[in-house]
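These notes are about the structure you will find just below.
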Amino acid sequence: MLLVDVLLMDVVVVVAGTAPVGRVLVVAVAPVDSTATATGPDAPGAATESGDRGVPTHATTSVEAATAVSMVVIGVRGIGRRLDGGTGAVHSRYHASMGELEGRVAIVTGSTRGIGRGIAERFAAEGARVVVHGRDAAMCAAVAAELPGAIGVAGDIGAAGFADELIDNAVQQLGRLDIVVNNAGVAIDNFITGVTDERWAATLSTNLTGPFSVLRAAVRVMKGGDGGAVLNVISWAGERGNVGQAAYSASKAGLHALTLTGAKELGKFGIRVNSLSPAVPTDMGAQMDEKLQKISASRRPLKMQGLIADVAEAALFLVSDRSRFITGDVLHVDGGLHLN
């Protein structure tokens, strides 16, 4: 893989200080669709952890992360009530007149921009109530307001305890949890000899430790309910390695290993775990001039660039009933780039 292809991955270097430390704010955002209004009793018990889409350019092992959870919650009406109004398995209730994800709740980390936002919008279009996540509270609120019944949770996925707070808020406000997409990621990298301890720690905090914490917290909720689907967004660099991306490649390799282990451990609870490996132009890729775009496209067997919509459609497949017999797998959405 060339550096030109790195720019096509949905990763971002995020500035610090976009979420207030040590306080939680809950405000109403998107109106709840009347067809999805809850009628049942209390939500399933004790939710826990979370995840995030960004990491500061300094190490995430900061004093702030160690001493306080930094987050903001943007909520909706109908807090704490089940959406299905009953105890039947939500995954068996789909029929042709409904969206594929009708009645389900999905967390998509890093969903205020790029691939994550595309996935969140696609899920919402299929009837899911989405937890929008990112570091910037204003962006979370803005994106959540555009999606029916969505909430936004802002915070640093690398902060200690944030995963528990994210999952807890999702279940308290939306009543259940069915889908988790670990999309948040950063690339603040260098050649092996140039990677500082701080950059290594920051990259792994967001790209691996955060997703692990989210998965661990989500499982505590999912295994007591109807099961669910977990999707980890990885990278070709994590499967093959890439020059100049020591930390990023290692973090994504670890994330796919977590997919494989999760699939083996959690299948008995009806929880499927898969990886999605995209390489399409995003807001970072937009920085590439036309010549570089053509070079990148020429290295793919399909000789073309993909779209965020292509990735979102693949994500929908992997969390929907259409993939009910698929777990521990990886789906490449890269025009064949991974074959190089």
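Residue numbers (the working numbering): 2 to 341.
Using N, Cα and C, we set each Cβ at its ideal position, and we do this for glycine too.
- Going by DSSP, residue 257 is part of the alpha helix (DSSP H) stretching over 247-267.
- For residue 170, the uninterrupted alpha helix (DSSP H) segment begins and ends at 163-175.
- Contact between residue 316 and residue 114 is ruled out by a C-beta separation of about 15 Å, above the 8 Å threshold.
- Sixteen is the threshold: since fewer than 16 other Cβ atoms of the shown chains lie within 10 Å of the Cβ of residue 193, the residue is exposed.
- In this structure, 265 is the residue among 302, 265, 334 with its C-alpha nearest to the C-alpha of residue 328.
- Taken through DSSP and simplified to helix, strand or coil, residue 115 comes out as helix.
- In the DSSP annotation of this structure, residue 196 is not part of any beta strand (DSSP E), being labelled neither H nor E.
- In the structure shown, residue 277 adopts extended strand secondary structure according to DSSP, grouped into three states.
- Where residue 143 is concerned, the enclosing alpha helix (DSSP H) starts and stops at 138-146.
- Counting along the chain, no alpha helix (DSSP H) covers residue 130; the unbroken beta strand (DSSP E) around it starts and ends at 130-135.
- The residues 6, 237, 280, 300, 301, in chain order, have a CB closer than 7 Å to that of residue 338 in the same chain once the five nearest residues on each side in sequence are set aside.
- Secondary structure of residue 309 (DSSP, three-state): helix.
- Residue 259 places its beta carbon less than 8 Å from that of residue 216.
- Exposure of residue 341 is indicated by the presence of fewer than 16 other C-beta atoms within 10 angstroms of its C-beta.
- Leaving aside the five residues that flank residue 208 on each side, the residues in its chain whose CB is nearer than 6 Å to its CB run, in chain order, 186, 252.
- Its Cα nearest to that of residue 146, the residue 133 stands out among 137, 231, 133.
- Per DSSP, the unbroken beta strand (DSSP E) holding residue 154 starts and ends at 152-156.
- Between residue 201 and residue 248 a beta carbon distance of about 5 Å is seen, short of the 8 Å cut, so the two are scored as contacting.
- Taking the C-beta atoms as reference points, residue 173 is found no nearer than 8 Å to residue 152.
- Relative to residue 157, the option among 126, 212, 321 whose CA is nearest is 212.
- Counted as a single uninterrupted DSSP element, the alpha helix (DSSP H) harbouring residue 222 occupies residues 211-223.
- Distance between residue 144 and residue 234, taken at the CA atoms: about 20 Å.
- In terms of CA proximity to residue 183, 121 leads the group 267, 121, 268, 326.
- About 7 Å separates the Cβ atoms of residue 245 and residue 190, confirming a contact at the 8 Å cut-off.
- The secondary-structure analysis by DSSP pairs residue 208 with nothing; it has no beta-bridge partner.
- Under the DSSP assignment, residue 239 falls in the alpha helix (DSSP H) whose first and last residues are 237-241.
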